Amino acid sequence: MAERLKNYALGLIGETGELVDIIKKVLYHDHPVNKEKIREEAGDVLWYLTGILREFDIDLEGTMAFNIEKLKRRYPEGFDVERSRNREAPDDGW
Numbered sequence: 056m057a058e059r060l061k062n063y064a065l066g067l068i069g070e071t072g073e074l075v076d077i078i079k080k081v082l083y084h085d086h087p088v089n090k091e092k093i094r095e096e097a098g099d100v101l102w103y104l105t106g107i108l109r110e111f112d113i114d115l116e117g118t119m120a121f122n123i124e125k126l127k128r129r130y131p132e133g134f135d136v137e138r139s140r141n142r143e144a145p146d147d148g149w
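Remember, the numbering used here sits 55 above the position in the sequence shown when you count from 1.
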């Protein structure tokens, strides 16, 4: 398990960097948006993230639903910068 987790974690970092680099080039280097390349790199990110979750028997869809519910509790009226800056304590079990 440890070797698989290392591979997934390092892959996630690398692929996230590739995705972010595309965004950087669009925002700061005036590159055109290449949706296929974004989709490809996002798919790689999801592959490695899903691998990590699978190692702990956690499904991606359930994780996404959990996060949405957490954010609804945290920001019942929608995201608010002031609420974000002045949260007293995490409400997500950590």
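Think of the CB as a built atom: it goes at the ideal place given N, C-alpha and C, for glycine as much as any other residue.
Predicted, not measured: the structure shown is a model, and the values here were computed from it.
How big is the Cα-Cα spacing for R138 and A120?
Here residue 138 is taken as the residue at index 83 of the sequence shown, counted from 1. Here residue 120 is taken as the residue at index 65 of the sequence shown, counted from 1. About 22 Å.
Looking at C-alpha atoms only, which residue of G117, E58, I93 and N62 is the closest neighbour of V75?
For the purposes of this step, residue 75 is identified with residue 20 of the sequence shown, where counting begins at 1. Of the candidates G117, E58, I93 and N62, the one whose C-alpha sits nearest the C-alpha of V75 is I93.
Top-ranked residue by Cα proximity to V100, from N141, G72 and R129
Against the sequence shown, residue 100 aligns to sequence position 45. Among N141, G72 and R129, the Cα nearest to that of V100 is on G72.
By the 10 Å Cβ neighbour count, where 16 or more other Cβ atoms means buried, how is Y130 classified, buried or exposed?
Translated into positions along the sequence shown, residue 130 becomes position 75. Its Cβ having fewer than 16 others within 10 Å, Y130 is exposed.
Segment limits, alpha helix (DSSP H) that includes D99:
As a first step, residue 99 is located in the sequence shown; it is residue number 44 there, counting from the start. Unbroken alpha helix (DSSP H) run through D99: K90 to E110.
K79 versus R128: straight-line alpha-carbon distance, rounded:
Residue mapping note: residue 79 aligns to position 24 of the sequence shown, counting from 1. Residue mapping note: residue 128 aligns to position 73 of the sequence shown, counting from 1. Going by the C-alpha atoms only, they are around 32 Å apart.
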